[in-house]
Structure formats: structure tokens, C-alpha cells
Amino acid sequence: MMHTIHPKQLETDITQLFVHAGVSSVEAQTVASNLVLSNLSGHDSHGVGMAPRYIDAIFEQKLIPGARVTAHIDHGSLLGLNGNGGFGQVVGLEAMEKAFDRVKTEGACIMSLSNAHHLGRIGHFAEMAVERGWISIHFVNVLSRPVVAAYQAGDGRFGTNPCCIGIPIGLPGNPKNEAFILDFATSGVAQGKMRVAHNLGKEAREGLLIDEYGKPTTNPSVVVKAQSNGKYGALLTFGEHKGSGLAIACELLGGALSGGGTWRKEANNARAVMNGMLTIVIDPKAMGQESFFYPETQAFIDWLHESPPSPGTPGMILAGEPERQARMSRQEGFEIDEATWNELKASALKVNAQGLFNL
Ligand code: NAD
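In the numbering used here, the protein residues as written are 5 to 363.
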């Protein structure tokens with residue numbers, strides 16, 4: 005069964021869930037609105053379904069409500085920041101605002117952020133930069149479970165390490181409201197999708213998984229529960245050696261350069277998900293390209309749109325467009341699946357907020 009809910013109602017209940025867990029109402033509201041925005045953008049995997057995990061992470065004392073970023077490097081165009089275990093939705097915004105201040109004076113900023121709890125949908129940060137007419141590039145590592153294997157490796161060694169590139173198209177404020185927001189996990193498919201397939205008893209498609217012995221499989225259970233030898237299988241990266249290389253770059257830049265660390269241990273049952281992120285923000289004006297860059301980006305995207313659709317497809321879609329379309333179509337309400345809804349209700353019980361999530 006699916007539950008249809010209005011985003012405002014959902015945001016109110018998620019805010020209250022966090023408030024009952026001891027989070028300040030301002031911070032709870034920031035996190036809730038960010039999670040709902042992920043659902044609105046079509047990414048349910050990074051939406052309100054994450055809230056129960058955040059509540060557990062607060063109980064684990066790995067997610068620290070109220071934590072703010074501190075800087076260990078702060079000069080010229082360089083910022084080295086520590087999120088101190090704070091909500092990614094809070095310290096991530098704070099870190100981006102600091103980077104934006106630096107872009108205003110320096111023209112560009114290289115910002116690293118370590119020890120942030122789950123940053124959610126990385127495209128949100130790129131959208132903030134693009135709204136200002138700037139380019140934003142993000143490499144992120146995930147400290148949670150080593151669920152993804154490198155190309156031709158036989159077990160999982162890192163997380164779903166997302167990469168994101170945001171580029172404004174046309175002059176800032178352009179009426180077409182197009183922006184290129186490429187934002188994806190480097191695994192071929194999300195772990196959550198394998199959990200759903202496992203629950204439904206469905207097979208995954210080929211090329212996504214290896215089993216506990218490192219052999220290709222279509223059985224999604226290998227990444228959901230420990231197998232007969234006590235080990236898990238793993239997800240594969242997208243794009244063979246290329247996606248694998250990008251995932252490793254995310255680990256090295258998001259983990260080693262930020263100081264937050266790379267993943268180098270066995271799986272554990274911790275619920276907290278920590279992220280490290282390297283962000284590069286560039287003002288095209290500072291590159292001396294103000295009058296060329298914006299029209300040129302528009303001209304190229306217009307040229308792409310002139311391409312005839314490949315038969316049986318809607319034709320070329322600019323990265324970022326599916327999320328903009330989802331936000332239009334979901335604004336009056338969207339569906340939440342039964343399992344997620346039950347998890348939210350169970351989480352509400354944990355924090356003595358029985359009245360929440362009752363439709
Ligand atoms: P996905 O496979 O849905 O790909 C999304 C990207 O592809 C977007 O840029 C979208 O605009 C673009 N896209 C989708 N369909 C398209 C089409 N037909 N033509 C052109 N472009 C198209 O996303 P995903 O890999 O499942 O990642 C989902 C979200 O999860 C992302 O926002 C990512 O940042 C987030 N994530 C976060 C973490 C974390 O630890 N914080 C980890 C992994 C993923």
C-alpha cells in the first residue's frame with residue numbers, strides 16, 4: 005500500500021520527529037525540508053526514509069545535533085572545514101555559504117568538509133551555486149558500509165561515493181531555468197533498490213552485483229544479508245573501470261584530502277552515515293569569461309536539443325531536468341511506500357512522538 009501525503013504535512017511531522025529527539029526546532033526544520041525536497045526531486049532513496057536512520061544515529065551519538073563547522077584551513081581560496089558530526093543538511097549548508105563568501109572575494113574556492121553526517125542529495129549544494137551563476141563540483145566519500153567493489157575486485161571496499169557537477173546554462177536568471185546538474189552515486193544502482201528487490205523476491209539485472217565469492221550474480225540478497233560463509237556480496241560501480249576510477253577518486257578526494265579518512269575496515273552495524281566532501285566552486289566571471297561563457301553554454305545545450313530523439317525515446321534530457329520536472333509534478337503530494345511509512349512510525353515511537361505519521 006502507498007501513502008499519499010502533502011509535502012508540507014510531511015515536513016511538519018519530520019520536523020516534530022527530530023524535535024522529539026532533542027533537536028532544536030530551527031535545525032529540525034532545516035533537515036526536514038531538505039529531506040522532503042529530495043522526495044520532491046524524485047529521489048526517495050535520499051528523502052524522508054532516511055529520518056529513522058538519523059534518529060538511530062543520534063542515539064548512537066555519532067550524529068551530533070547542534071554541531072557546527074570549524075575551520076582548520078582558512079586563507080585565500082582555500083577552506084578546510086570539519087563538520088564535527090553535525091547534520092549534513094546543516095553543516096553542508098554552512099560550509100557552502102562559507103565557500104560562497106570566498107568566491108565573492110577570490111573568484112573561486114576549494115573547500116573540503118570532513119566528518120559531516122549524511123549530506124543527502126549532493127545536487128542540492130550544486131543547485132545553490134548554480135543559482136548564483138557559478139560552477140560547483142563535488143567529490144564525496146561515504147563512511148557507512150563497504151558495499152561497492154572496485155572494477156575486477158572480488159568484494160566491497162567503499163561506499164556509493166557520489167559525484168556531482170553543476171554548471172549554469174545561459175545568463176543567470178535565464179527564463180528557460182535550465183541548469184546542468186549531474187548528480188549520481190558511482191555504484192551502478194542504489195543499495196536501497198536491491199533491498200526492495202530482495203523484499204519482493206525479484207532478480208536484479210545483470211552487471212550490477214557480485215556474490216560473496218566475487219562471482220557475478222543477479223541475486224539482490226547478497227548485499228542485504230550475510231551469506232552462507234558469513235560474508236556479503238557487493239554492488240559494482242557503473243561504467244566498469246571508468247566508474248570504478250571515479251569512485252576511487254571520490255574516496256581519495258572526499259576522504260583523504262578532507263582529513264575525514266577513507267573506509268578501510270570490515271562492515272559494522274552502525275546506523276550513522278558519515279560523508280567527506282571536496283567541493284570546487286568557480287565564478288566564470290573570475291575566469292574572464294563572463295560575456296562568452298553564459299551564451300556559449302546556452303548555445304551548446306540548444307544545439308544538443310536540436311538532435312532528433314532516438315526512436316522510442318523522449319530524446320535528449322539535460323541532467324537536472326528530471327529533478328525539476330519531479331518538483332513540478334510532486335508539489336501537491338507524493339506517495340510514500342508502506343515499509344518507509346512503518347519505519348517512520350516506529351521511529352516516532354522511539355522518541356515518544358506517537359501522534360506523528362497518522363494519516
Ligand atoms: P540517478 O541514477 O537517478 O542519476 C541522477 C542524475 O542523472 C541526475 O543528475 C539526473 O538529472 C540525471 N538523469 C536522470 N535521468 C536522466 C536522463 N534520462 N537523461 C539525462 N540525465 C538524466 O541518481 P543516483 O545515482 O541514484 O543518485 C541519487 C542521489 O543520491 C543523488 O542526489 C546523490 O547525490 C545521492 N547520493 C548521496 C550519497 C551520500 O552519501 N550523501 C550517496 C550516494 C548517492
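A virtual CB, placed ideally from N, CA and C, is assigned to each residue, including glycine.
Taking buried to mean at least 16 other C-beta atoms within 10 Å of its own C-beta, is residue i buried or exposed?
i    : result
W307 : exposed
N86  : buried
T221 : buried
N272 : exposed
F304 : exposed
M291 : exposed
H79  : exposed
I340 : buried
G31  : The question names Gly, but residue 31 is Glu in the sequence shown. Label assigned to E31: buried.
F361 : buried
H121 : buried
S148 : buried
A350 : exposed
I77  : exposed
Given residue i, which residues of its chain have a CB within under 6 Å of its CB, disregarding the five upstream and five downstream residues?
i    : result
S311 : M320
G264 : S118, N119 and G280
E347 : P56
D287 : V107, G111 and W138
G127 : C168, I185 and D187
N233 : E216
I284 : I114 and I141
R365 : Outside the displayed range of the chain (5 to 363) lies residue 365, so it cannot be described from this structure.
Is residue i helix, strand or coil by DSSP?
i    : result
H76  : strand
T283 : strand
T221 : strand
S262 : coil
S49  : helix
V228 : coil
S295 : helix
I28  : Note that residue 28 is Ser in the sequence shown, not Ile. Three-state DSSP puts S28 in coil, outside helix and strand.
P288 : helix
E339 : strand
A112 : strand
D105 : helix
G163 : coil
V2   : There is simply no residue 2 to check, as the chain begins at 5 and stops at 363 in what is shown.
P172 : strand
V200 : helix
F188 : strand
L123 : coil
M320 : coil
M5   : coil
L360 : coil
G84  : strand
V134 : helix
Near residue i, which residues of its chain fall below 8 Å by C-beta distance, leaving aside the five closest residues on each side in sequence?
i    : result
E64  : A274, R275 and A276
D215 : T221, N223, V226, Q231 and G237
G124 : N38, L39, S42, H50, M54, G92, Q93 and G96
M6   : E339, I340, D341 and E342
A260 : T266
Should residue i be flagged as near chain D, meaning a C-beta pair shorter than 8 Å?
i    : result
G192 : Protein chain content of the structure displayed is limited to a single chain, and chain D is not contained in it.
Starting from the Cα of residue i, find the closest Cα among the options and give me that residue.
i    : options                   : result
Y155 : G249, E342 and Q329       : G249
E135 : G124, L83 and M100        : M100
C254 : D159, S191 and H24        : S191
Y236 : Q195, V23 and I173        : Q195
G218 : G111, L239 and E31        : L239
W267 : T301, V152, H309 and F361 : V152
A157 : N362, N43 and T241        : T241
R199 : S28, P224 and I77         : P224
V27  : G160, E210, V94 and K102  : V94
N88  : A71, E98, F104 and I77    : A71
P150 : K269, H309 and Q20        : K269
G247 : F143, S295, M332 and I340 : F143
S42  : F129, D60 and V73         : F129
E300 : P176, A36 and S262        : P176
A357 : H24, P11 and Q13          : H24
I9   : V355, T344 and A350       : T344
K354 : H7, I59, S45 and A208     : I59
M132 : F104, I77, C113 and H121  : F104
R331 : T34, E244, H47 and M5     : H47
N203 : E210, K229, S295 and A189 : K229
S116 : R334, Y298 and L282       : L282
A189 : P69, I252 and R209        : I252
G90  : R209, A61, Q302 and K102  : A61
Using C-beta distances below 7 Å, list every residue in its chain close to residue i, excluding the 5 sequence neighbours before and after it, in chain order.
i    : result
V146 : G163, T164, N165, V277 and N279
A36  : E15, I18, T19 and F22
A75  : L83, G84 and L85
Exercise for the section: Could you tell me whether the stretch 171-185 touches the stretch 322-339, using the rule of 3 or more Cβ pairs below 8 Å? Expected result: The stretch 171-185 is in contact with the stretch 322-339.
Exercise for the section: Would you be able to state if there are at least three C-beta pairs under 8 Å between the stretch 163-176 and the stretch 124-143? Expected result: Flag = yes, the stretch 124-143 and the stretch 163-176 touch.
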